[in-house]
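Enquirer: Going by my numbering, the sequence shown opens with residue 31, and the numbers climb by one from there.
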Amino acid sequence: MLTCDVTSEEKVMRSCAVQMRELVGQITATLVKEYFADSPMGDSPRPEIRPPAEPRALAELERRAGQSLEAGYRQFLSLTDGLEGFPLMLLGCQDWEPGGWGEVAEEFRETILDSGPEDVGVLPGTPLFPVAVNADRSNGIFLIDTAGFAEERFWWTGEGDSFFFVGFADVLAFLNDAGSCDPRESL
Numbered sequence: 031m032l033t034c035d036v037t038s039e040e041k042v043m044r045s046c047a048v049q050m051r052e053l054v055g056q057i058t059a060t061l062v063k064e065y066f067a068d069s070p071m072g073d074s075p076r077p078e079i080r081p082p083a084e085p086r087a088l089a090e091l092e093r094r095a096g097q098s099l100e101a102g103y104r105q106f107l108s109l110t111d112g113l114e115g116f117p118l119m120l121l122g123c124q125d126w127e128p129g130g131w132g133e134v135a136e137e138f139r140e141t142i143l144d145s146g147p148e149d150v151g152v153l154p155g156t157p158l159f160p161v162a163v164n165a166d167r168s169n170g171i172f173l174i175d176t177a178g179f180a181e182e183r184f185w186w187t188g189e190g191d192s193f194f195f196v197g198f199a200d201v202l203a204f205l206n207d208a209g210s211c212d213p214r215e216s217l
């Protein structure tokens, strides 16, 4: 019988994957409860879990982003290629097809770039890649590459709000329960 040694890094990655599955499960359960608590004519968006993104699609998304995907976001997309049911649409690989939510997210990105994000510490030229957007293009979440000057990889902005998160798991936890963490408001 062969035994395989598992490195510390592999153990951490497996643990993070399990935690992401649990977090996505909790969030989905919350969204489903909210959806069914509404009347049939209610305003709650219908939650939708999608099939996982293929490795090829993840590689293409990373090329499109122009930066490495944060590990938690990659794990999220490996579970569900986007998630509907929040006021914000959590984007997946398939949303970047022509006519998809990616186009809406790009419009919001251009609005943010025009408004000068430097006032919250986002340096000019910082790569901003949309990972979530709402339908009216007034809120969005960006994967950011701060080139080492800050540990935060996600920026939620819109309607006067600005929140920075270290990882995508923090973003999901905050979406599920705003009291779950205390994100920074500027870099």
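Using N, Cα and C, we set each Cβ at its ideal position, and we do this for glycine too.
No experiment lies behind these values; they were computed from the predicted model shown.
Closest by CA to Glu189, which one among Val152, Ser145, Leu173?
Expert: Taking the first residue of the sequence shown as 1, we reach residue 189 at position 159. Ranking Val152, Ser145, Leu173 by Cα distance to Glu189 puts Ser145 first.
Enquirer: Thinking C-beta only, is Asp111 closer than 9 Å to Pro81?
Expert: Stepping through the sequence shown from its first residue, residue 81 is reached at position 51. Stepping through the sequence shown from its first residue, residue 111 is reached at position 81. It is a contact, given that the beta carbons lie within the stated cut-off.
Enquirer: Is Glu133 close to chain D, meaning its C-beta is less than 9 Å from at least one C-beta of that chain?
Expert: Among the chains of the structure shown, chain D does not appear; only one protein chain is present.
Enquirer: Please name the residue in Gly155, Ser168, Phe116 whose C-alpha comes closest to that of Phe138.
Expert: Numbered from 1 along the sequence shown, position 108 holds the residue referred to as residue 138. The shortest C-alpha separation from Phe138 is found at Ser168.
Enquirer: Contact defined as beta carbons within less than 8 Å: I believe Ala83 pairs with Leu107. What is the distance between those atoms, to the nearest angstrom?
Expert: Indexing the sequence shown from 1 puts residue 83 at position 53. Indexing the sequence shown from 1 puts residue 107 at position 77. That belief holds up - the Cβ atoms of Ala83 and Leu107 are roughly 4 Å apart, short of 8 Å.
Enquirer: If you compare alpha carbons, which of Phe116, Gln105, Pro117, Gly115 is closest to Cys123?
Expert: Within the sequence shown, numbered from 1, the residue matching residue 123 stands at position 93. Selected option, being the one with the closest Cα: Gln105.
Enquirer: Whole-angstrom Cβ separation of Gly170 and Arg183, contact assumed at under 8 Å?
Expert: If you number the sequence shown from 1, residue 170 lands on position 140. If you number the sequence shown from 1, residue 183 lands on position 153. Wrong, their Cβ atoms sit about 15 Å apart, outside the cutoff.
Enquirer: Just reading off the alpha helix (DSSP H) that Phe138 is part of, what are its end residues?
Expert: Numbered from 1 along the sequence shown, position 108 holds the residue referred to as residue 138. Note, Phe138: alpha helix (DSSP H), 131 to 144.
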